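Accompanying notes for the structure given below.
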Amino acid sequence: FKVEVINDGRYQTTGPVAQGKRFNVGPSALLSIGGIKVAVSSRRVQALDRTVFEHLGVVLEEQKIIVLKSTCHYRAHFDPISETTFTAIAPGGHAANPADCAYQKLRPGVRYYPLGPVHGTHEAQDD
46 FKVEVINDGR YQTTGPVAQG KRFNVGPSAL LSIGGIKVAV SSRRVQALDR
96 TVFEHLGVVL EEQKIIVLKS TCHYRAHFDP ISETTFTAIA PGGHAANPAD
146 CAYQKLRPGV RYYPLGPVHG THEAQDD
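Numbers given in the working numbering equal positions in the sequence shown, counted from 1, plus 45.
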């Protein structure tokens, strides 16, 4: 890896999810290898908006592909600059879609998420 940028990891968000919130993710760096840029920080943080990259000097509109490890908050600030968004579902401790969990004691009629399918109905099984 080549180290492109090093900074203190302090930035202020500008997007609709956490507008104006100050973050300190600790010492951070922008690394590159084979034409790929990787933003790393000392502390874990969700990519609530594009300032997580911009504070390292990344101009997102100049990137062909942007990859995030995030659940959903990123959409408010990244979807407007994206031609297409793909969601990858990976195994782990928390399901991205609550309807994918194998509930054993959930009573019929409960929605898995707001406006989502209802547990115990054909609507839930069609998803």
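Each residue gets a CB set at the ideal place from its N, CA and C atoms; glycine is no exception. Since the structure is predicted, the reported quantities are computational estimates derived from the model, not experimental observations.
Taken in chain order, the complete alpha helix (DSSP H) segments of 4 residues or longer contained in the region 70-149 are 96-99 and 120-123. In its chain, beyond the 5 residues on either side, V62, Q91 and L93 have a beta carbon closer than 7 Å to the beta carbon of H118.
Nearest to G154 by C-alpha distance, out of T166, D145 and A144, is T166. In the three-state reduction of the DSSP assignment, Y158 falls in the coil class, being assigned neither a helical nor a strand state. When DSSP states are grouped into helix, strand and coil, Q57 belongs to the strand group. Excluding sequence positions up to five before and after I51, its CB lies within less than 6 Å of the CB of A74, all in the same chain and listed in chain order. Q57 and R152 have their C-alpha atoms some 43 Å from each other. For R95, the number of other beta carbons within 10 angstroms of its own is at least 16, and it is reported as buried.
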